[in-house]
Structures are given as structure tokens and as C-alpha cells.
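Report on the following structure.
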Ligand SMILES: [Mg+2]
Ligand SMILES: [Mg+2]
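Chains as they are written, first to last, in my numbering: chain A, 3 to 335; chain B, 3 to 335.
This is how it looks when you write it as C-alpha cells:
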């Protein structure tokens with residue numbers, strides 16, 4: 003065990019690079035500034051998903067611009083120039099904001115959540131955007147919008163960001179000039195039109211949890227049907243490949259911040275598909291880095307080419323498991 | 003008005019054929035046998051969707067084989083050899099079966115419904131399948147499975163159908179030898195893998211209501227977000243085209259039984275995409291037939307080619323509305 007721990011600690015400063023030199027970026031998902039220490043300890047190259055819901059749920063502070071500004075600034079300073087990707091608030095679904103949201107939706111996952119909520123409450127949304135803008139001078143911030151279903155929503159969100167910038171300028175509040183703005187691809191319609199969304203996005207971040215839920219029409223939290231929510235469903239792999247290819251065709255990067263990014267079962271396939279960034283809970287990084295460093299991009303591409311021929315979840319699972327067992331028998335999947 | 007009514011009655015016996023001779027089939031959706039009179043009156047060429055939930059919700063009769071057999075037989079006899087497409091039970095979602103289903107799902111539309119319910123209760127499912135098989139001797143029955151998300155579910159449903167056939171054979175109960183079995187395409191993962199599903203399907207029926215809900219992550223019944231559920235979203239059109247093309251590539255027909263099939267806004271586009279069958283509420287048939295007979299397939303294909311270039315719902319809406327206003331100004335869309 004001690005030996006293993008040492009190996010993991012050594013791993014921290016090694017790049018996430020395949021044996022044949024393909025470099026990817028492993029980032030961390032966080033919810034509160036206090037997690038940054040662990041993020042750095044695990045060798046993350048930035049934060050791929052900073053969930054901002056917590057800031058909206060803090061009693062008494064809910065959605066205050068100064069409180070948000072303070073939290074974002076702390077994270078950005080602590081990360082010392084590494085990218086910090088803030089997802090604008092993803093309230094709704096299973097996270098309810100007491101003052102703003104009616105809780106009587108019959109299907110909250112298909113309801114008033116995330117960007118829909120933000121676009122319906124532009125003043126609140128701009129409070130968050132201004133807080134991010136003002137914090138941007140302390141580091142390398144990126145913004146991403148959750149649950150975009152089509153180009154109209156992205157355009158509206160971008161227009162509100164422009165308004166927020168204008169408001170900062172009027173108040174002579176400084177912000178970085180080159181903030182990247184990305185689109186989360188987690189609604190099937192966004193995946194299917196990702197070529198269109200790529201035109202107005204600086205990067206994509208794939209939210210596999212929601213993408214799988216919607217693509218398969220399954221609430222993962224419902225134990226009667228959660229067995230259906232499988233990342234190796236051929237439809238999921240096809241959608242992922244479509245998203246990644248559409249990103250690259252427009253010269254932008256494809257990141258992933260859903261659970262699949264930290265699942266050893268998916269790593270080789272995702273490498274083979276060309277994913278650029280994997281964001282996961284910090285503690286998963288060493289294991290995923292270990293896999294990345296243990297394979298060649300060439301064999302990962304060959305694995306993906308095989309998976310492409312497969313018609314079922316079952317076939318894909320057998321394929322990936324035996325592939326992993328052959329190459330990386332120590333990885334438990 | 004009188005003149006209009008006469009025209010519609012004349013229309014009843016005319017084929018649903020474009021001006022340049024492309025024939026499609028207009029069918030009706032029904033819920034109870036009593037609707038058949040109106041179906042025939044409106045000139046339907048069969049039933050494209052016979053919803054069987056009603057049979058499961060009738061107090062005292064719920065899911066009884068003899069009761070189902072009786073209802074199916076009546077419909078088949080009344081339709082006199084025209085195809086009658088029975089959808090196996092689509093319980094769950096917004097239709098709750100008191101004795102079988104817990105009602106505490108947080109997201110019933112993403113829950114234990116339709117084929118998931120049937121596969122989990124094979125005895126109940128086979129009761130329905132046997133009732134359909136036995137009724138098949140009275141007409142031209144087709145079976146279709148709702149909410150298929152992948153090939154495994156389709157294979158399981160087909161295996162249970164084989165068991166039901168074997169059970170009928172053992173009891174020396176006759177059934178037709180050539181019953182077509184189709185797959186409903188209404189889950190995004192089914193659309194995206196429709197090439198795989200086509201291998202084991204005799205036809206497709208596209209359920210646009212659910213397909214749109216899941217593809218856009220929207221509960222149509224939720225008034226806070228229902229504005230997003232738009233059939234002219236570019237992603238919806240792409241998925242529809244993919245389904246139709248995958249059906250044709252395998253030599254099977256693509257039908258549609260969701261609301262879009264009876265919506266004048268969609269008719270020309272769907273013709274242009276190559277849809278073979280439109281199933282709708284009987285009362286919508288005259289209007290849709292009128293549109294079909296008022297256009298050429300060539301101009302519909304050109305319309306679709308234009309829509310393919312469009313990036314937004316808004317563009318598509320303007321395009322289709324102006325196209326219709328030019329050619330069929332009397333149709334209100
Ligand atoms: Mg999400
Ligand atoms: Mg449906």
C-alpha cells in the first residue's frame with residue numbers, strides 16, 4: 003500500500019500523456035473554495051467544473067454579488083493561473099432554490115433549471131456574471147453555460163454576458179479581456195447540433211450524467227430504471243464522438259466533466275475518440291492519469307474503432323473490460 | 003362553410019398523393035374501439051396507433067386477456083383488413099396504473115414506463131401479446147413497442163412475443179403468420195442507433211412528442227419550459243431524417259404517430275424527408291390530406307434541403323410559414 007501511495011504521489015508531477023506522446027489535460031470538479039487544496043495535491047491542471055449552486059444556497063448570502071466575487075477570487079488566486087471553469091448556476095432539477103423556484107414540477111429534470119432559470123431571471127444571472135468578470139483579474143477564468151438546448155439560448159446568454167461587461171465598464175470595474183466562454187453539451191439536441199453551437203463557443207464541456215439521462219430517457223436517481231443509464235450504450239458513444247469531432251472541426255477543445263470522465267471504464271475509449279480534457283473529482287485523477295500514461299493513443303483509437311462496430315452495451319462492456327484486463331490488469335473496472 | 007365541408011367529404015375517397023404522384027399513407031390514432039366509426043368517416047387508411055392503456059385502466063377488467071382480445075377483435079373487424087397498429091401498453095409517465103406502479107417517482111417521464119414496465123412484468127406483457135395474437139385472425143394487425151432505448155430491450159420484447167406465440171400454439175389458438183412488429187422511435191438513443199434497431203424491426207413509428215421532450219430535455223406539460231418543445235428545432239429535424247433514412251436503408255417504412263404528424267406546419271417538411279406514413283387524430287386527416295394533395299414531392303424535398311441549412315427554430319419557422327403561405331394560403335399554421 004505504501005509503495006502504491008508513493009507511486010501516486012510521484013505521479014502528481016508527471017504529465018497526463020500517453021506512451022506515444024499524446025497529451026491531455028486532467029482537471030478537477032469542485033463545489034466550494036475549500037476543495038482547492040486537495041485539487042492541487044492530486045495534480046490537477048486546473049478546474050474543469052466549478053459548480054456555483056452552493057453560492058446560491060448559502061443562507062443569507064444567496065446570490066449576493068460580493069459573496070460570489072469573494073469565492074471566485076479565492077479559487078482563482080489559489081489556482082495561480084491555472085484555468086478555472088465556472089459553470090453558471092445549475093439550479094433546478096434536483097437542486098431547489100427555495101426563494102426562486104416553485105417545487106411542484108412533475109418532472110424537474112425536464113423542467114425549469116440551469117440556463118432556463120438564468121435566462122428567465124436576467125438580473126440574478128448578471129449578478130453572477132459580474133462577480134465572475136470582476137474576479138477574472140485574479141487568474142485564468144473560463145465561463146460555461148449549463149443545459150444549452152439550442153443556439154437561441156446560447157445567443158441570449160452571450161448577450162447577457164455582454165451586458166454584464168458593459169455594466170462593469172460603466173462602474174470602472176476591471177475584468178480580463180480574453181475570458182473563454184464555453185457551452186455545456188448535455189442535452190441531446192445540443193449534441194446533435196454541436197456543429198452549430200461550436201460556431202459561438204470557445205470550448206465544449208460534455209456533461210455525461212445529464213446527456214446519458216436524456217439520451218436514454220432515464221432518471222439515474224430512480225432505482226427502478228437506473229440500470230439503463232450506461233455510458234457504453236452505442237448511442238452515447240456516437241453522440242460523444244459527434245460532439246468531439248464537431249468541436250475539432252471548428253478548432254475548439256472538447257472537455258468532459260461528467261462522471262464518465264473519472265470512470266476508468268471510459269478513459270481509453272475517450273482518448274481514442276479524441277477528448278482533450280477530463281474533469282473529475284480530484285481523488286480520481288491519479289487513477290485516470292495512470293491509465294493515460296499506460297496506453298498509446300494508437301491502441302486507444304483502435305479500441306474506439308472496434309467499439310464503433312458494436313451494436314449493444316453488452317458488447318462494448320466485454321470489449322472494454324477485456325482490453326483493459328490485457329493492458330492494465332491492476333485497474334479495477 | 004358548406005362548400006368547405008363538401009370538399010372535405012369528397013376528399014375522403016381520394017388518395018393521399020402529391021401532385022407529382024408520391025403516395026403516402028394517412029392513418030388514425032385511437033384509444034377505444036368506439037372511435038373506429040369516425041376513423042372510417044375521415045378516410046384513414048388504417049390505424050397507425052392504437053393506444054392500449056385504456057384497456058389496462060378499465061376498472062375490474064384491467065389487463066384481462068379476454069377483455070383485451072374482445073376489444074382488439076372488434077377494432078380489427080371494423081377496420082376490414084386495413085392495418086391496425088397496436089402499441090403495447092405505455093403505462094407510466096403521466097398514466098399511472100394503480101395496482102402495479104408506485105407513484106412516487108421524482109421524474110416519471112424518465113422513469114418506469116412503457117416497455118420497461120412490460121419487460122419487468124413479463125406475465126402481464128404476454129397476456130397482452132396473446133390477446134393481440136388471437137385477435138390477429140380477424141384482420142391486419144401490427145404490433146409496436148413503445149420507448150425502446152436500445153437493441154437489448156427490443157430483443158427481449160421479441161423473445162417474449164415468441165414465447166406468447168408458443169403459448170398460443172400449445173393451446174391451439176390460431177394467429178396470423180405474418181404479423182409485422184415495429185419499434186417506436188421516441189428515445190434519442192433509439193433515433194441515434196436506428197440503423198441497429200432497423201435490423202430487427204418490420205417498421206418504425208416515430209413518437210415525436212416523447213422524442214422532442216427527451217431530445218430537448220423538456221416536459222411539455224410544464225408551462226415554465228414548454229416553450230422549448232418545438233418540432234422545428236434543427237436537432238429534431240436531423241434526428242427525424244436520420245430515422246427515416248435508416249429505415250429506408252434497411253428496406254422498412256418510417257411512420258410517425260406523434261402530434262407533429264397531424265400538424266400542418268410539419269407536413270411538407272416530413273414529405274420532403276421521405277416519411278411514409280402519418281398517423282394522427284382522425285379529425286386532422288382531411289386537412290393533412292389537403293396539404294399532401296396540394297404540393298409536389300419535388301418542392302417538398304427542396305424545402306427540406308433549405309431547412310437543413312438552417313441553424314435555429316426561428317429560421318425554420320419563418321421558412322416553413324412563408325413556404326406554406328405562398329403555396330397553400332388557406333391553411334392556417
Ligand atoms: Mg448537468
Ligand atoms: Mg410516447
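Built from N, CA and C at the ideal position, the CB exists for glycine as well.
Discussion item. By the DSSP assignment, the alpha helix (DSSP H) with residue 229 of chain B in it spans what residues?
Written reply: By 1-based counting over the second chain, the position of residue 229 of chain B is 227. Where residue 229 of chain B is concerned, there is no enclosing alpha helix (DSSP H), given that its DSSP letter is neither H nor E.
Worksheet entry | Under the three-state DSSP convention, the category residue 120 of chain B falls into | Residue numbering aside, residue 120 of chain B sits at position 118 when the second chain is read from its first letter. Here residue 120 of chain B sits in helix by DSSP.
Worksheet entry | Test item, CB below 5 Å from any non-hydrogen atom of ligand 1 | A:188, A:209, A:212
Discussion item. Using 9 Å as the threshold, is the C-beta distance between residue 238 of chain A and residue 254 of chain A below it?
Written reply: To locate residue 238 of chain A, count along the first chain from 1; it is residue 236. To locate residue 254 of chain A, count along the first chain from 1; it is residue 252. Against a cut-off of 9 Å, the Cβ pair of residue 254 of chain A and residue 238 of chain A comes out as no contact.
Worksheet item: Within 8 Å: the Cβ of residue 258 of chain B and any heavy atom of ligand 2?
Response: Translated into the one-based positions of the second chain, residue 258 of chain B becomes position 256. For ligand 2, not one heavy atom lies less than 8 Å from the Cβ of residue 258 of chain B.
Worksheet item: In the segment 175 to 255 of chain A, which residue ranges form an unbroken alpha helix (DSSP H) of at least 4 residues, counting only runs that do not cross its ends?
Response: 190 to 194, 196 to 200, 210 to 218, 236 to 251
Item to complete: Compute the Euclidean distance between the alpha carbons of residue 109 of chain A and residue 82 of chain B, then round it to the nearest angstrom.
Response: As a first step, residue 109 of chain A is located in the first chain; it is residue number 107 there, counting from the start. As a first step, residue 82 of chain B is located in the second chain; it is residue number 80 there, counting from the start. About 41 Å.
Discussion item. 9 Å is my cut-off, CB to CB: does residue 168 of chain A come that close to chain B?
Written reply: Taking the first chain and counting its residues from 1, the one referred to as residue 168 of chain A is at position 166. No, residue 168 of chain A lies away from the interface with chain B (no Cβ there is under 9 Å from its Cβ).
Worksheet item: For residue 226 of chain A and chain B, any beta-carbon pair shorter than 9 Å?
Response: Residue 226 of chain A sits at position 224 when you count from the first residue of the first chain. Taking Cβ atoms only, chain B reaches closer than 9 Å to residue 226 of chain A, which makes this a yes.
Worksheet item: For residue 146 of chain A versus residue 222 of chain A, is the C-beta spacing smaller than 9 Å?
Response: Taking the first residue of the first chain as position 1, residue 146 of chain A is located at position 144. Taking the first residue of the first chain as position 1, residue 222 of chain A is located at position 220. Contact flag unset, no.
Worksheet entry | Coarse secondary structure for residue 282 of chain B, derived from DSSP in three states | In the second chain, residue 282 of chain B corresponds to position 280, counting from 1. Three-state result, residue 282 of chain B: strand.
Worksheet item: If you measure from the beta carbon of residue 158 of chain A to each beta carbon in chain B, is any gap under 9 Å?
Response: Along the first chain, read from residue 1 onward, the residue named residue 158 of chain A stands at position 156. When Cβ-Cβ separations below 9 Å define contact, residue 158 of chain A makes no contact with chain B.
Worksheet item: Which runs of the beta strand (DSSP E) fall wholly inside the segment 36 to 95 of chain B and span at least 3 residues, in chain order?
Response: 49 to 53, 85 to 89
Worksheet item: Distance, Cα to Cα, residue 190 of chain A vs residue 241 of chain B?
Response: On the first chain, position 188 is the one that residue 190 of chain A refers to. On the second chain, position 239 is the one that residue 241 of chain B refers to. If I take the Cα positions, the gap works out to 10 Å.
Practice prompt. To the nearest angstrom, report how far apart residue 296 of chain B and residue 20 of chain B are at their CA atoms.
Written response: Here residue 296 of chain B corresponds to residue number 294 of the second chain, with the count starting at 1. Here residue 20 of chain B corresponds to residue number 18 of the second chain, with the count starting at 1. Using only the alpha carbons, I get a separation of about 7 Å.
Practice prompt. Please confirm whether residue 218 of chain A and residue 151 of chain B have their CB atoms less than 9 Å apart.
Written response: Locating residue 218 of chain A in the first chain gives position 216, where the first residue counts as 1. Locating residue 151 of chain B in the second chain gives position 149, where the first residue counts as 1. Yes, the pair counts as a contact, with Cβ atoms nearer than the cut-off.
Worksheet item: From residue 61 of chain A to residue 53 of chain A, what distance separates their C-alpha atoms?
Response: Taking the first chain and counting its residues from 1, the one referred to as residue 61 of chain A is at position 59. Taking the first chain and counting its residues from 1, the one referred to as residue 53 of chain A is at position 51. Taking the CA atoms as reference points, residue 61 of chain A sits about 17 Å from residue 53 of chain A.
Fill in: Of the residues A:92, A:48, A:56, the one placed nearest residue 78 of chain A, counting alpha carbons only
Stepping through the first chain from its first residue, residue 78 of chain A is reached at position 76. The shortest Cα separation from residue 78 of chain A among A:92, A:48, A:56 belongs to A:48.
Item to complete: Please list the residues of the segment 214 to 243 of chain B that have a C-beta atom closer than 8 Å to any C-beta atom in chain A, keeping them in chain order.
Response: Taking 8 Å as the cut-off between beta carbons, the residues of the segment 214 to 243 of chain B near chain A are 215, 216, 217, 218, 219, 220, 221, 223, 224, 226, 227, 230, 235, 236, 237, 238, 240, 241, in sequence order.
Worksheet entry | Cβ-Cβ distance between residue 275 of chain B and residue 50 of chain B below 9 Å | Here residue 275 of chain B corresponds to residue number 273 of the second chain, with the count starting at 1. Here residue 50 of chain B corresponds to residue number 48 of the second chain, with the count starting at 1. Contact: no.
Worksheet item: Can you tell which of A:93, A:24, A:246, A:270 has its C-alpha closest to the C-alpha of residue 149 of chain A?
Response: The count along the first chain starts at 1 and reaches residue 149 of chain A at position 147. It is A:93 whose Cα lies nearest to the Cα of residue 149 of chain A.
Worksheet item: What distance in whole Å lies between the Cβ atoms of residue 287 of chain A and residue 57 of chain A, which are believed to be in contact at a cut-off of 8 Å?
Response: Position 55 of the first chain, counted from the start, is the residue given in the question as residue 57 of chain A. Position 285 of the first chain, counted from the start, is the residue given in the question as residue 287 of chain A. Incorrect: roughly 24 Å between the Cβ atoms, too far for contact.
Item to complete: Taking residue 316 of chain B as the query, report the chain A residues whose CB atoms sit under 8 Å from its CB, ordered along the chain.
Response: As a working note, residue 316 of chain B is residue 314 in the second chain. Residues of chain A passing the Cβ test: 154.
Item to complete: With a 10 Å radius around its C-beta and 16 neighbouring C-beta atoms as the bar for buried, classify residue 137 of chain B as buried or exposed.
Response: As a working note, residue 137 of chain B is residue 135 in the second chain. Classification of residue 137 of chain B: buried, given that the 10 Å Cβ count is 16 or more.
Worksheet item: Roughly how many angstroms separate the alpha carbons of residue 290 of chain A and residue 312 of chain A, rounded to a whole number?
Response: Your numbering for residue 290 of chain A matches position 288 in the first chain. Your numbering for residue 312 of chain A matches position 310 in the first chain. Each residue's Cα considered, the two are about 24 Å apart.
Discussion item. Whole angstroms are fine: how far does the CA of residue 18 of chain B sit from the CA of residue 143 of chain A?
Written reply: Locating residue 143 of chain A in the first chain gives position 141, where the first residue counts as 1. Locating residue 18 of chain B in the second chain gives position 16, where the first residue counts as 1. Taking the straight line from one Cα to the other gives about 58 Å.
Worksheet item: residue 212 of chain A CB to nearest chain B CB: under 9 Å?
Response: Walking along the first chain from the start, residue 212 of chain A turns up at place 210. Yes, residue 212 of chain A counts as interfacial toward chain B.
Fill in: Closest residue to residue 364 of chain A among A:163, A:198, A:195, A:187 (Cα-Cα distance)
This structure leaves residue 364 of chain A out entirely; chain A is present only between 3 and 335.
Worksheet item: Any idea what DSSP makes of residue 115 of chain B, helix, strand or coil?
Response: Here the question's residue 115 of chain B lines up with position 113 in the second chain. It is coil, neither helix nor strand.
Discussion item. Using CA atoms only, rank isn't needed, just tell me which of B:196, B:211, B:210, B:271 is closest to residue 252 of chain B.
Written reply: Here residue 252 of chain B refers to the residue found at position 250 when the second chain is read from its first residue. That would be B:196, whose Cα lies nearest to the Cα of residue 252 of chain B.
Practice prompt. Would you please verify whether the beta carbon of residue 198 of chain A is less than 9 Å from any beta carbon of chain B?
Written response: The residue you call residue 198 of chain A lines up with position 196 of the first chain. True, the Cβ-Cβ gap to chain B drops below 9 Å.
Worksheet entry | chain A contact residues for residue 54 of chain B, given Cβ-Cβ distances below 8 Å | Taking the second chain and counting its residues from 1, one reaches residue 54 of chain B at position 52. For residue 54 of chain B, there are no neighbours in chain A by C-beta distance under 8 Å, as the nearest C-beta there is about 20 Å away.
Worksheet item: Does the distance from the C-beta atom of residue 267 of chain B to that of residue 326 of chain B stay below 9 Å?
Response: What you label residue 267 of chain B is simply residue 265 of the second chain in a count that begins at 1. What you label residue 326 of chain B is simply residue 324 of the second chain in a count that begins at 1. Yes, Cβ-Cβ distance for residue 267 of chain B and residue 326 of chain B is below 9 Å.
Worksheet item: Can you tell me the Cα-Cα spacing of residue 205 of chain B and residue 179 of chain A, whole angstroms?
Response: Taking the second chain and counting its residues from 1, the one referred to as residue 205 of chain B is at position 203. Taking the first chain and counting its residues from 1, the one referred to as residue 179 of chain A is at position 177. Approximately 55 Å, taken between the alpha carbons.
Worksheet item: What is the DSSP secondary structure of residue 31 of chain B, reduced to helix, strand or coil?
Response: For this step, residue 31 of chain B is matched to residue 29 along the second chain. In the three-state reduction of the DSSP assignment, residue 31 of chain B falls in the strand class.
Worksheet entry | Burial state of residue 8 of chain A, where buried means 16 or more other Cβ atoms lie within 10 Å | Here residue 8 of chain A is taken as the residue at index 6 of the first chain, counted from 1. Its Cβ having fewer than 16 others within 10 Å, residue 8 of chain A is exposed.
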